[in-house]
Amino acid sequence: MAGEEAPPGALNLAEYAPAGARTVDCFRRIRKIGEGTYGEVFEAMDIITGERAALKKIKLDDGKEGFPRQILREIKLLKKLDHENIIRLKEIVVSPGSAHGAGGSDDYMYRGDIYMVFEYMDHDLKKVLHHSTPSQVKYYMEQLLKGLHYCHVNNVLHRDIKGANLLISGGGKLLKLADFGLARPFTRDGSFTNHVITLWYRPPELLLGATNYAEAVDIWSVGCIFAEFLLRKPLFPGRTEQEQLSKIFELCGFPNEENWPGVSKLPLYKTIHPTTPTKRRLRDIFHNFDSHAVDLIDRMLILNPTQLQIGRWPIVSEKQRRNRSNGGKQRRGKIGRQLPLMEPRRWWHPQKWNQSTIEAMEPQLKHRSPC
Numbered sequence: 001m002a003g004e005e006a007p008p009g010a011l012n013l014a015e016y017a018p019a020g021a022r023t024v025d026c027f028r029r030i031r032k033i034g035e036g037t038y039g040e041v042f043e044a045m046d047i048i049t050g051e052r053a054a055l056k057k058i059k060l061d062d063g064k065e066g067f068p069r070q071i072l073r074e075i076k077l078l079k080k081l082d083h084e085n086i087i088r089l090k091e092i093v094v095s096p097g098s099a100h101g102a103g104g105s106d107d108y109m110y111r112g113d114i115y116m117v118f119e120y121m122d123h124d125l126k127k128v129l130h131h132s133t134p135s136q137v138k139y140y141m142e143q144l145l146k147g148l149h150y151c152h153v154n155n156v157l158h159r160d161i162k163g164a165n166l167l168i169s170g171g172g173k174l175l176k177l178a179d180f181g182l183a184r185p186f187t188r189d190g191s192f193t194n195h196v197i198t199l200w201y202r203p204p205e206l207l208l209g210a211t212n213y214a215e216a217v218d219i220w221s222v223g224c225i226f227a228e229f230l231l232r233k234p235l236f237p238g239r240t241e242q243e244q245l246s247k248i249f250e251l252c253g254f255p256n257e258e259n260w261p262g263v264s265k266l267p268l269y270k271t272i273h274p275t276t277p278t279k280r281r282l283r284d285i286f287h288n289f290d291s292h293a294v295d296l297i298d299r300m301l302i303l304n305p306t307q308l309q310i311g312r313w314p315i316v317s318e319k320q321r322r323n324r325s326n327g328g329k330q331r332r333g334k335i336g337r338q339l340p341l342m343e344p345r346r347w348w349h350p351q352k353w354n355q356s357t358i359e360a361m362e363p364q365l366k367h368r369s370p371c
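Encoded structure:
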């Protein structure tokens, strides 16, 4: 059974959209570009500055609570996170006449539509995922790892990494992690719902019912994205949770107490039965690709999530990793601070993927045999 989600900290929306703040009339809608659980998304232009923006119209829940809890959490997190590879929430605006303050901030009420105003990005990664050049793959992976690592050192899990939530702009040069609707702060001893992350990118521990998890769930998703970049197709395209597990075990091996201590205690472990014993053969399907890139995928897609935590990050410094492994308290980077790339050569990271490697990979990507 999934763990209960802890409620978000109190958020006074008047802090972000105070009485007298700008209304949505300050924007000219250009076109509808998407629709999600909590509302529609429009491309728009700020009529004062001329800048393009993405307007996310929020559907208010009926009843007393009104504003969706997940949206409150998303606003709170995005106002905290400040990184070049994370989407920026610029402001909150409301429909004309939708807000009034009858007294103090406690009386500040909303009577109408509320919009989240984001910086505008040209398209999402899903549109280029299957036809990017090796140099683009390298650049996108570097930016994704940096943005996600920044989230993790600030105790935030994204929990929905997929191509549609990775936005591209700047002539295809800038990637930003977006859609924090399922994101949440986390602690090591917390219990959270396992009904998160789109199925194809969901890690085995969640599929087996785990409710205590941390950064490893996001790293599994990144590994799936990286593999999809190389293969030009999803690595684990399951249609059901059971089929998803089967596809994972077929390439990553069947979990047991030897390769994943504690796995037999997960709620759904006893419901899985391999038809034949399976050994790990993930690297076999990437035999035509750069060994350093495959090495990173292999380390990201490890069944045991404890081996997927901070120690295997390609952008964590050696000092930070020692602090974590020694049980010492990790000093969190301040908001906006960039963390150094780790030094050990045994880890591949995009900055060490040199031009000769890229040139060697290009013919393999263009003329590879179907997997």
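First residue of the sequence shown: 1, per full-length UniProt numbering; consecutive thereafter. Idealized CB from N, CA, C, for every residue including glycine. Source: prediction; values computed, not measured.
Exposed or buried, which one is Pro274 when buried takes at least 16 other CB atoms within 10 Å?
Translated into the one-based positions of the sequence shown, residue 274 becomes position 274. Label assigned to Pro274: exposed.
Just verifying my parser: in three-state terms, what is the DSSP assignment at Thr271?
On the sequence shown, residue 271 is found 271 positions in, with the first residue counted as 1. In this structure, Thr271 counts as helix in the three-state DSSP scheme.
C-beta contact flag for Gly223 and Ile297 at 8 Å
Numbered from 1 along the sequence shown, position 223 holds the residue referred to as residue 223. Numbered from 1 along the sequence shown, position 297 holds the residue referred to as residue 297. Yes, the Cβ-Cβ distance between Gly223 and Ile297 is below 8 Å.
C-alpha distance - Gly172 paired with His130, whole-angstrom precision
Residue mapping note: residue 172 aligns to position 172 of the sequence shown, counting from 1. Residue mapping note: residue 130 aligns to position 130 of the sequence shown, counting from 1. So the two alpha carbons sit approximately 14 Å from each other.
Closest Cα partner of Ala293 within the set Val41, Glu142, Lys90, Ile87
Position 293 of the sequence shown, counted from the start, is the residue given in the question as residue 293. The shortest Cα separation from Ala293 among Val41, Glu142, Lys90, Ile87 belongs to Glu142.
How big is the Cα-Cα spacing for Leu268 and Pro204?
Within the sequence shown, numbered from 1, the residue matching residue 268 stands at position 268. Within the sequence shown, numbered from 1, the residue matching residue 204 stands at position 204. Approximately 11 Å between the Cα atoms of the pair.
Please say whether Met116 and Ile92 have beta carbons closer to each other than 8 Å?
Numbered from its first residue, the sequence shown carries residue 92 at position 92. Numbered from its first residue, the sequence shown carries residue 116 at position 116. In this structure, Met116 lies closer than 8 Å to Ile92 by Cβ.
Can you have a look at Gly253 and say buried or exposed, based on whether 16 or more other CB atoms are within 10 angstroms of its CB?
As a first step, residue 253 must be located in the sequence shown, where it is residue number 253. Gly253 comes out buried.
If you drop the 5 nearest sequence neighbours on each side, which residues of the same chain put their C-beta closer than 6 Å to that of Arg22?
Within the sequence shown, the letter at position 22 stands for residue 22. Taken in chain order, the residues that qualify are Val93.
Apply the 10 Å Cβ neighbour rule to Gln307 and answer buried if 16 or more other Cβ atoms are within range, or exposed otherwise.
As a working note, residue 307 is residue 307 in the sequence shown. Answer is exposed; the Cβ neighbour count stays below 16.
Helix, strand or coil, according to DSSP, for Tyr38 in the structure here?
Looking up residue 38 in the sequence shown gives position 38. In this structure, Tyr38 counts as coil in the three-state DSSP scheme.
Can you tell me whether Tyr213 is helix, strand or coil according to DSSP?
The residue given as residue 213 occupies position 213 in the sequence shown. It is coil, neither helix nor strand.
Comparing alpha-carbon positions, which option in Phe118, Leu167, Pro68, Leu72 lies nearest Phe42?
Counting from 1 along the sequence shown, the entry for residue 42 is found at position 42. Of Phe118, Leu167, Pro68, Leu72, the residue nearest in Cα terms is Phe118.
Under three-state DSSP, which class holds Pro68?
Residue numbering aside, residue 68 sits at position 68 when the sequence shown is read from its first letter. Pro68: coil per DSSP, three-state reduction.
What three-state label does DSSP hand Arg202 in the structure shown?
Locating residue 202 in the sequence shown gives position 202, where the first residue counts as 1. Reduced to three states, the DSSP call for Arg202 is coil.
Take every Cβ of the segment 176 to 188, pair it with every Cβ of the segment 148 to 166, and state whether three or more of those distances are shorter than 8 Å.
yes
For Ser135, the first and last residue of its enclosing alpha helix (DSSP H):
Position 135 of the sequence shown, counted from the first residue, corresponds to residue 135. Unbroken alpha helix (DSSP H) run through Ser135: 134 to 153.
Range of the contiguous alpha helix (DSSP H) that encloses Glu119:
Here residue 119 is taken as the residue at index 119 of the sequence shown, counted from 1. No alpha helix (DSSP H) holds Glu119; the beta strand (DSSP E) holding it covers 114 to 119.
Evaluate Ile48 with the Cβ neighbour count: other Cβ atoms within 10 Å of its Cβ, from every protein chain shown; 16 or more gives buried, anything less gives exposed.
One-based indexing of the sequence shown puts residue 48 at position 48. Ile48 comes out exposed.
Nearest by alpha-carbon distance to Thr278: which of Glu250, Phe289, Asn304 is it?
For this step, residue 278 is matched to residue 278 along the sequence shown. It is Glu250.
Confirm, please, whether the CB-CB distance from Ile87 to Leu148 is below 8 Å.
Here the question's residue 148 lines up with position 148 in the sequence shown. Here the question's residue 87 lines up with position 87 in the sequence shown. Going by C-beta atoms, Leu148 is not nearer than 8 Å to Ile87.
Close Cβ partners of Glu74 (< 6 Å) along its chain, the five nearest in sequence each way excluded:
As a first step, residue 74 must be located in the sequence shown, where it is residue number 74. Counting only Cβ-Cβ distances below 6 Å, and skipping sequence neighbours, we find Phe180, Gly181.
I'd like to know whether the C-beta atoms of Lys212 and Asn259 end up nearer to each other than 8 Å.
Looking up residue 212 in the sequence shown gives position 212. Looking up residue 259 in the sequence shown gives position 259. One detail in the question is off: residue 212 reads as Asn in this sequence, not Lys. No, Cβ-Cβ distance for Asn212 and Asn259 is not below 8 Å.
Between His114 and Phe289, what straight-line distance do the alpha-carbon atoms span, to the nearest angstrom?
Position 114 of the sequence shown holds residue 114. Position 289 of the sequence shown holds residue 289. Checking the sequence shown, residue 114 turns out to be Ile, not His. If I take the Cα positions, the gap works out to 48 Å.
Taking the alpha-carbon positions, what's the Val217 to Arg202 distance?
For the purposes of this step, residue 217 is taken as residue 217 along the sequence shown, with counting starting at 1. For the purposes of this step, residue 202 is taken as residue 202 along the sequence shown, with counting starting at 1. Answer to the nearest angstrom: the Cα atoms are 7 Å apart.
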